[in-house]
Amino acid sequence: MIEWFHPGILFIFGAILIPFFKGKARQIYIILIPALAIFAVASMSDGQYWSFTLLGREIILGKVDKLSICFAYVFTIMAFIGMVYALHIEKIGEHIAAYLYVGSSLGVVFAGDYFTIFIFWEIMAFASAYLVFARGEKKSIDAGFRYLMIHIAGGLFLLGGIILHYMDTGSLLFGPIEKDGSLAFYLILIGFILNAAVPPLNAWLPDAYPEATVTGAVFMSAYTTKTAIYVLIRAFPDTELLVWMGTFMALYGVFYATLQDNMRRLLAYHIISQVGYMVAGVGLGTHLALNGSVSHAFTHIIYKGLLFMGAGSVVYMTGKQRLSELGGLHKTMPITMVLYVIAGLSISAFPLFSGFVSKSMIVAAANHDHRAIISLLLVLVSAGTFLSTTLKIPYYAFYGKDSGIKAKEPPINMLIGMGIAAFLCIAIGIFPGPLYSILPYPVDFEPYTGDHVTGSLGILMFTALGFFLFLKKLKPEPYMTIDTDWFYRKGTGIFMRIAKGPIVIYENFVSNLSNTAVLNPLYVLADICHKIDKHIVDGAVNGIANLILYIGGIVRKAQTGLLPHYAAGIVLGILIIITVYTMIM
Amino acid sequence: MKFDMINIYASLPEIIVIVSACALLIIDLFLKKEQKRLVAYLSLAVVIIAAGETWRIAGNPLLVFDKMFIVDNYAIFFKMLFYLATFLAILLSINYIKIEEIEHSEYYILMLFALSGMMLMASGADLLTIYLGLELMALPIYMLVGFMKKDIKSNEASMKYIVLGALSSGILLYGISLIYGLTGTTQLSELAAVLKKQTDIDSAVILSTIFLVAGFGFKVAAVPFHMWAPDAYEGAPTSITAFMSVGSKAAAFAVFLRVLLDALSPVSLNWIALISAISVVTMILGSVVALVQTNIKRMLAYSSIGHAGYALLGFVAGGSDGIASVMLYMLIYAFMNMGIFGAIIIMRKGGIVGDNIEDYTGLAKVHRGIALLMLIFLFSLAGIPPTAGFVGKFYIFMALIHKGFIALAVIAALTAAISAYFYIRIIMLMYMKEPLHKFDLAQTPATRIALAIAAAGTIIIGILPAWFIELVQKAVFS
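Structure representation (structure tokens):
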């Protein structure tokens, strides 16, 4: 009996064998490996495995504890669901890339040292970039290339940080980093939060995900950002900066999501928003908050996968992903719609759906920590999420004016994949026990208290009411003028929430809110960040690339092809060296 | 000098190669036109026999021919590397030179002579032996570069290479004569002993060091002595480009390492800054200029310049780790570069020359296997894990960081990121675009074997680096 088997290696080596199978055998093979991986995760126990020394440094491939097992569970489960969903794909390139991507994510989760993390981190970037490229359209190839370049740059930050960290401490072992404000600390943090898509380092995500293949986006929504959350939990718990970054991120994502017309782009912004919760949870750093981040990552992977599967089914069957071009699909794609709405209710933290049991944990952790503003803002985001994901997409894609598109339900394997995910969303929502039992710290939290349930229902119902009132008023161009009105309506939602708490304390603050003293500046800040991201960060990346090309063009001209010039070059080189030496001495 | 049988014993591999090459010249006269290919197979056999003989005499270090010729693990490692390069280059040549219509037996015989020169360099324990080996290697290669007699580019490349090569040899010899005048010896370890005793370093020693660095820098194509490389690489038959970019570069590095880190190590403070500067400009120029190339052989020439820059970093790191890291880098470079040139060679058939980067557009749609192999080699050249190229770079960077040269390691990592761009650009073209034309690959069993060996090396070193690192660490000269 093998003591421990690395599920990531199972995927990576499994990928190599994919081309050797054809037809039905391949279909069985590609869902067999994730199934075996789930089994491997279920049968492992804490400890340290597969470690050896390379160049005098310890390399640990298998550091197993409750945290890594929990992430490994959801990664392997999602791999299974995603593979079922992608079963009909004929091009094996996508399967291989997805396998490498999942395998390397698992590699990060079980890594015990920075070297291993870095290697798998890079493989992840390349494998996932392929999922964007594979769509084959010019837009996606361009987006994929930008995606790859940004991640290579992020990888360099990480590598730089790792090297400096090694210089400082003499150890490559992966664990909590001392918050000494050193360069190593910030470089590693930047490397990690770039993958978590924390603004202003987030542009790659909404840029690349909508351009990925239908099945590729399902995988991408799950692994890159959540792997980043995992490493943040390990290395940066209880970092004040992350609390604010995460909260800002949650707001930022939800604002931008509301303004989108492209379905998958909208969902991509929601990833940023939801990951914001997790980042905030990591920053809070209490046991309750970390449990919240882990459980939210767990539920998020499944419901976000389901959302992308639902939107992907629409794209797959109609070839369109702009909401303004869709409509009336409820007649022809009813099953897809129902499954999609289940995911929508989960992401908006509707009671009895999975998002509720995990998101409320982070909000409660913020409350316990006496951080009223944070918890308030996080609740607010929930309402925005409900508005765009659960109300807007279903309304405009599945109801609304009939676009006359004659779509059919997607292939049966896609429906089964979605069905499994939907089942998990509801099952976790109703019976959170099993999820809580695999969390890293003991759970002393009850989601279904009267307060939680009525509070959430209240805010969600009022958001829905607002949406339908608003819809009638602005029917022709529904999403151009959402912003100001939207804040106003949120004001009511906040009132409902606050009314159940000590009104007196919050009164001043809320009136400030409706005067847009807090939110408007935040919105402006979000806009500035977006501009910085688009023009300065992206601009700098492109600008440097162009500059280097330009220099290359000039230097190339030095290669004249004339022999005397070359000889002169050599002699001149020697003369310069001698001159420099004589000057030094 | 007392002549001893031990001299013959230690230099038997060289004797085998040279005598067989001469014998092949004579055998060739008796072969009919359609039997000429036999020379290629016999050359392969010579390489294998010489490798076997080298393996047999491995073990105790031998210093023979009046301390001018050394057979230690270091020399044996490099000789094995040359056998590998020659073996693969011959395999890749058999069909290619027929397509280029230059199928003459002299081609293989010149390669064997060049091989003997490289072997002599690796075993050189005296500046004069080293110089002799250098010329013995260079002369056949000059001829091979210009082997496509009807091609004007090939002629031009050969001409340039000869003239510049003569210039660099002159500079090298001047450096050697200065050293001899200053110390009274050209034997490497005696030289080190003399220099160690001098408390006050003569500025003429530094001058001669500069000349030696310039001479060897020319052979490894380090900036500013690199200008011959792009022209020669582009003009030469592709199989020869592969042979010289791997074999002659490794040979030059072998002697460069021995001279700087053995004989001149007592004055290392005087050359470390020089080598650092050269390596930085070499890395930057190599990767930046490669970006704008449209011809794949020229691009690989600049990439090869860039790789020489990385290897020079190992000199800066110094010590046994520094030496070992350069050796490992050369081994890895041999596999991945032979591989990528092999892929270019089989593109050459009929109308397509396979020189333009655009020629590779959509290759993956038609020839999945070849495209995958190219992907592996290009990833390795770019230094992306888990390929061998990453291991090579990582080992050098680690050795550098260990000695505290952080800034150099950072610059190297940045240029590596730039260079990733042009390697990945080819992959993009192969995988993401529709083919522009029909592909007709010149695959034969021989090229398949060569590519398989190169791919196996690139992958195995990438996945199991520990064994190879131990191997090179054992082969470091003391």
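First to last, the protein sequences are chains Z and E.
Start counting the first sequence at 11; every next residue gets the next number (the numbering used here).
Start counting the second sequence at 646; every next residue gets the next number (the numbering used here).
For glycine and all other residues, C-beta sits at the position ideal for the given N, C-alpha and C.
**OP:** Would you check if there are 3 or more beta carbon pairs closer than 8 Å linking the segment 869 to 886 of chain E to the segment 801 to 817 of chain E?
**Re:** yes
**OP:** Can you check the segment 994 to 1069 of chain E for any alpha helix (DSSP H) of at least 4 residues that lies completely inside it and give the ranges in chain order?
**Re:** 1008 to 1011, 1013 to 1027 and 1033 to 1047
Original post:
Would you say the beta carbon of Gly951 (chain E) comes nearer than 8 Å to a heavy atom of the ligand MG?
Top reply: Looking for the ligand MG in the displayed structure turns up nothing, as the structure carries no ligands at all.
Original post:
With 9 Å set as the bound, which would you pick, yes or no: does the beta-carbon of Lys864 (chain E) sit closer than that to a beta-carbon of chain Z?
Top reply: no
Original post:
From the beta carbon of Leu555 (chain Z), is the nearest beta carbon of chain E less than 9 Å away?
Top reply: A small fix is needed here, since residue 555 (chain Z) is Ala in this sequence, not Leu. Closer than 9 Å: yes.
Subject >> the segment 766 to 784 of chain E touching the segment 709 to 720 of chain E, judged by at least three CB pairs closer than 8 Å >> reply: yes
Subject >> Simplified DSSP assignment, three categories, for Val716 (chain E) >> reply: strand
Original post:
To which residues of the same chain is Ile352 (chain Z) closer than 6 Å at the C-beta, ignoring the five residues directly before and after it?
Top reply: Ala432 and Cys435
Original post:
So, is Cys667 (chain E) buried or exposed, given that buried needs 16 or more other C-beta atoms within 10 angstroms?
Top reply: exposed
Subject >> Identity of the residue in Z:Leu397, Z:Met230 and Z:Ile41 nearest Ala278 (chain Z) by Cα >> reply: Z:Met230
Subject >> Top-ranked residue by Cα proximity to Thr399 (chain Z), from Z:Leu169, Z:Leu252, Z:Phe90 and Z:Gly320 >> reply: Z:Gly320
Subject >> Bounding residues of the alpha helix (DSSP H) (the contiguous stretch that carries Gly315 (chain Z)) >> reply: His297 to Thr328
Subject >> Helix, strand or coil at Gln37 (chain Z) [DSSP, three-state] >> reply: helix
Original post:
Can you find a C-beta in chain E that's less than 9 Å from the C-beta of Gly337 (chain Z)?
Top reply: no
Original post:
When the Cα of Leu1018 (chain E) is compared with those of E:Val891, E:Phe986, E:Leu914 and E:Ile1046, which residue comes out closest?
Top reply: E:Phe986
**OP:** Check whether the Cβ of Glu132 (chain Z) lies closer than 9 Å to any Cβ atom in chain E.
**Re:** yes
**OP:** Could you check what DSSP says for Ser61 (chain Z) in three-state terms: helix, strand or coil?
**Re:** strand
Subject >> Ile651 (chain E) classed as buried or exposed, judged by whether at least 16 other C-beta atoms fall within 10 angstroms >> reply: exposed
Subject >> Enclosing alpha helix (DSSP H) for Arg682 (chain E) [first to last residue] >> reply: Arg682 to Ile702
**OP:** Closer than 9 Å by beta-carbon distance: list the chain Z residues that pair up with Pro1110 (chain E), in chain order.
**Re:** Leu64 and Leu65
Subject >> Coarse secondary structure for Lys73 (chain Z), derived from DSSP in three states >> reply: strand
Original post:
For the putative contact between Ala107 (chain Z) and Tyr140 (chain Z), defined by C-beta atoms under 8 Å, what is the C-beta separation to the nearest angstrom?
Top reply: 4 Å
Subject >> DSSP state of Asp178 (chain Z) mapped onto helix, strand, coil >> reply: helix
Original post:
For Ala245 (chain Z) versus Gly185 (chain Z), is the C-beta distance shorter than 9 Å?
Top reply: yes
Original post:
Do the CB positions of Leu840 (chain E) and Arg903 (chain E) come within less than 9 Å of each other?
Top reply: no
Original post:
Since Leu397 (chain Z) is in the beta strand (DSSP E), which residue starts that stretch and which ends it?
Top reply: Run containing Leu397 (chain Z): none; DSSP gives neither H nor E here.
**OP:** Would you mind giving the Cβ-Cβ distance between Thr1006 (chain E) and Ile1104 (chain E), rounded to the nearest angstrom? I have them listed as a contact below 8 Å.
**Re:** 26 Å between Cβ atoms; not a contact.
Original post:
Considering only the beta carbon of each residue, do Met54 (chain Z) and Phe15 (chain Z) sit closer than 9 Å?
Top reply: yes
Subject >> Backbone secondary structure at Leu573 (chain Z) - three-state DSSP >> reply: helix
Original post:
In chain order, what residues of the segment 96 to 120 of chain Z put their CB closer than 9 Å to some CB of chain E?
Top reply: Gly103
Subject >> Whether Ile1106 (chain E) touches Ile977 (chain E) by CB criterion (9 Å) >> reply: yes
Original post:
Does the beta carbon of Gln284 (chain Z) sit closer than 9 Å to a beta carbon anywhere in chain E?
Top reply: no
Subject >> Through-space distance from Tyr654 (chain E) to Ile702 (chain E), alpha-carbon basis >> reply: 8 Å
Original post:
What are the start and end residues of each continuous alpha helix (DSSP H) run of 4 or more residues lying completely inside the segment 747 to 833 of chain E, in chain order?
Top reply: 751 to 768, 772 to 790 and 797 to 828
Original post:
With DSSP run on the structure shown, which of helix, strand or coil describes Leu449 (chain Z)?
Top reply: coil
**OP:** Could you say which of E:Leu1074, E:Arg1070, E:Ala1061 and E:Met1077 lies nearest to Val937 (chain E) if we only look at CA atoms?
**Re:** E:Arg1070
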